[in-house]
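**Student:**
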Amino acid sequence: MEKRRKVSNPLALAVLAWLVLKPMHPYELGRRLEESEKDRSIKYNRGTLYMVVKQLAKAGFIAEQETVRDTPRPERTVYALTPEGRAELYDWLGELVARPRHEYPHFGVALSLLSVLHPDEAVRLLTERLSALNAEIEEIRGRVEAAAARGVEWVFLVEERYRAALLEAECRFVDELIEAMRRPDYVRKWREQFGSRT
């Protein structure tokens, strides 16, 4: 059973992970998320980041270490990981790595209702999706190859490789689905079920 977390936003997990490296203020945390492109895997905006930092501090996972003025901007509060925060990080990350979790992607919702669409329209839309998926795979491959050429270790690219693998599997699935929806027996059954209602 999934453990109930004091702070459950995945952005909180990223904050804890970055604070393992060194204490930081939220602005620096945000900059590092963007520079490392972790914001492609974790939903992020500055307002949410500051809210999550406050929640982590309230939960005792991080603590104010100092206030600095390193630029002409206002003072910034630097946060450090507490022992409780370190324990939470490893427990939470371990759970996410070890245990599959049922998620509710939007495409799954669409698939559960796909039979409502006329087979020709479904095939057209799925073909459009297939094209978008292939473009995204190529973009990810280019990003990974460029990063590897700059000497970035594979472990820092693993989430992009995972994303590409999921998209490749989805492409195979969509290809098979398109073929199934073009079969005359499916079209005939669809017309019998929905034809008089469209």
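Residue numbers for the sequence shown follow numbering that gives the first Met the number 0, so the first one is 0 and each next one is one higher. Quick reminder that beta carbons are idealized off the backbone N, C-alpha and C, glycines included. Everything numeric in this text was worked out from a predicted model, so none of it was measured.
Compute the beta-carbon to beta-carbon distance between residue 81 and residue 106, rounded to the nearest angstrom, for a pair I have assumed lies under 8 Å.
**Tutor:** The residue given as residue 81 occupies position 82 in the sequence shown. The residue given as residue 106 occupies position 107 in the sequence shown. Actually they do not touch by this definition, with Cβ atoms about 39 Å apart.
**Student:** Tell me the rounded alpha-carbon separation between residue 94 and residue 155.
**Tutor:** The residue labelled residue 94 in the question sits at position 95 within the sequence shown. The residue labelled residue 155 in the question sits at position 156 within the sequence shown. For residue 94 and residue 155, the distance between alpha carbons rounds to 20 Å.
**Student:** By Cβ distance, which residues of its chain are closer than 8 Å to residue 129, with the 5 residues on each side in sequence left out?
**Tutor:** Within the sequence shown, the letter at position 130 stands for residue 129. Answer for residue 129: 170, 173, 174 and 177, listed in chain order.
**Student:** Where do the ends of the alpha helix (DSSP H) carrying residue 63 lie?
**Tutor:** Within the sequence shown, the letter at position 64 stands for residue 63. Element bounds for residue 63: not the alpha helix (DSSP H) but the beta strand (DSSP E), 61-67.
**Student:** Grab me the residues of residue 45's own chain with a C-beta within less than 7 Å of its C-beta, minus the 5 sequence neighbours each way, in chain order.
**Tutor:** Translated into the one-based positions of the sequence shown, residue 45 becomes position 46. Excluding positions up to five away in sequence, the list reads 29.
**Student:** Compare the beta carbon distance of residue 32 and residue 58 with 8 Å and say whether it is the shorter of the two.
**Tutor:** On the sequence shown, position 33 is the one that residue 32 refers to. On the sequence shown, position 59 is the one that residue 58 refers to. No, Cβ-Cβ distance for residue 32 and residue 58 is not below 8 Å.
**Student:** Hey, out of 53, 78, 55 and 152, whose CA is closest to residue 65's CA?
**Tutor:** Counting from 1 along the sequence shown, the entry for residue 65 is found at position 66. Measuring from the Cα of residue 65, the nearest candidate turns out to be 78.
**Student:** Quick check on the DSSP output: the beta strand (DSSP E) that includes residue 76 runs from which residue to which?
**Tutor:** Translated into positions along the sequence shown, residue 76 becomes position 77. Element bounds for residue 76: 75-80.
**Student:** If you measure between the beta carbons of residue 121 and residue 113, is that distance less than 8 Å?
**Tutor:** Along the sequence shown, one-based indexing puts residue 121 at 122. Along the sequence shown, one-based indexing puts residue 113 at 114. It is a contact, given that the beta carbons lie within the stated cut-off.
**Student:** Apart from the five residues just before and just after residue 16, which ones in its own chain have a Cβ nearer than 8 Å to its Cβ?
**Tutor:** Counting from one through the sequence shown, the residue named residue 16 turns up at place 17. Counting only Cβ-Cβ distances below 8 Å, and skipping sequence neighbours, we find 88 and 92.
**Student:** Count the other CB atoms, across all protein chains shown, that sit within 10 Å of the CB of residue 104; report buried if there are 16 or more and exposed otherwise.
**Tutor:** Within the sequence shown, numbered from 1, the residue matching residue 104 stands at position 105. With fewer than 16 other Cβ atoms within 10 Å, it is exposed.
**Student:** Can you round the beta-carbon distance between residue 51 and residue 11 to whole angstroms, since I take them to be within the 8 Å contact cut?
**Tutor:** Indexing the sequence shown from 1 puts residue 51 at position 52. Indexing the sequence shown from 1 puts residue 11 at position 12. Their Cβ separation, rounded to whole angstroms, is 5 Å, which keeps residue 51 and residue 11 in contact under 8 Å.
**Student:** Whose CA, out of 149, 2, 124 and 27, lies closest to the CA of residue 74?
**Tutor:** As a position in the sequence shown, residue 74 is number 75, starting the count at 1. Answer by Cα proximity: 27.
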